[in-house]
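Counting with full-length UniProt numbering, you get residues 1 to 147 for the letters of the sequence shown. Here the structure comes first, spelled out in structure tokens, and everything after it is commentary.
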Amino acid sequence: MIRKYSSSDCKYLAELFYQTVHTVNAKDYTKEQLDVWAIGCVDLEKWDKSFSEHYTVVAVENGVIAGFGDIDESGYLDRLYVHKDYQNQGIATAICDELEQSVRADKITTHASITAKPFFEHRGYKVVREQQVIRGGIPLTNFVMEK
1 MIRKYSSSDC KYLAELFYQT VHTVNAKDYT KEQLDVWAIG CVDLEKWDKS FSEHYTVVAV
61 ENGVIAGFGD IDESGYLDRL YVHKDYQNQG IATAICDELE QSVRADKITT HASITAKPFF
121 EHRGYKVVRE QQVIRGGIPL TNFVMEK
């Protein structure tokens, strides 16, 4: 089930984000990179504000938050994360379908991780450019993609 975000979800989404990055993305990034990407303590107030300003949805399976994603009105798909135990079950696809249909933008853009790049390519996104994002002095590779 996909539903709209509520502020009471924020701490659960922060935990899901941390766990997903440190498990699912571990095949494509070093421990050092994972540690600067998801340090384990996000500013919940800042995240809640961002989620509330964007169109944010949460996927719930058997009462458990299985994933989430958000997009802004310009068509920038900011975050898309699926719980490690709910990978490859169509959850990211359902979230993306909902997010992409919610905006009236000419194109949808995202900054996809190495891990997420094939998923977005399968959805028809094209790589605009590869980039290095520096977090805590550590470079992380991702891809600016658009559809």
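Note that the Cβ used here is the ideal one computed from N, Cα and C, for glycine as well.
Taking C-beta atoms under 8 Å as the contact rule, Tyr81 and Gly67 qualify, at a distance of about 6 Å. Put simply, the backbone Cα of Gln101 is about 16 Å away from that of Ala59.
Membership of His83 in any beta strand (DSSP E) is not indicated, and neither H nor E is assigned to it by DSSP.
Here the stretch 34-47 lies against the stretch 2-16, with 3 or more beta-carbon pairs under 8 Å apart. Beta bridge pairing from DSSP links Tyr55 with Ile71. The three-state reading of DSSP puts Gln89 in coil, since its state is none of H, G, I, E or B.
In the three-state scheme derived from DSSP, where H, G and I count as helix and E and B as strand, Asp78 is classed as strand.
By the Cβ rule, the stretch 105-125 counts as touching the stretch 24-31, because three or more pairs are nearer than 8 Å.
Between the C-alpha atoms of Leu140 and Gln132 there is a straight-line separation of about 5 Å. Judged by DSSP in its simplified three-state form, Thr23 adopts helix. For Thr23 against Lys107, the beta-carbon gap comes to about 31 Å, at or over 8 Å, which does not count as contact. When DSSP reads this structure, Gln132 sits in a beta bridge with Thr141.
With contacts defined by Cβ atoms closer than 8 Å, Leu99 and Val127 do not form a contacting pair.
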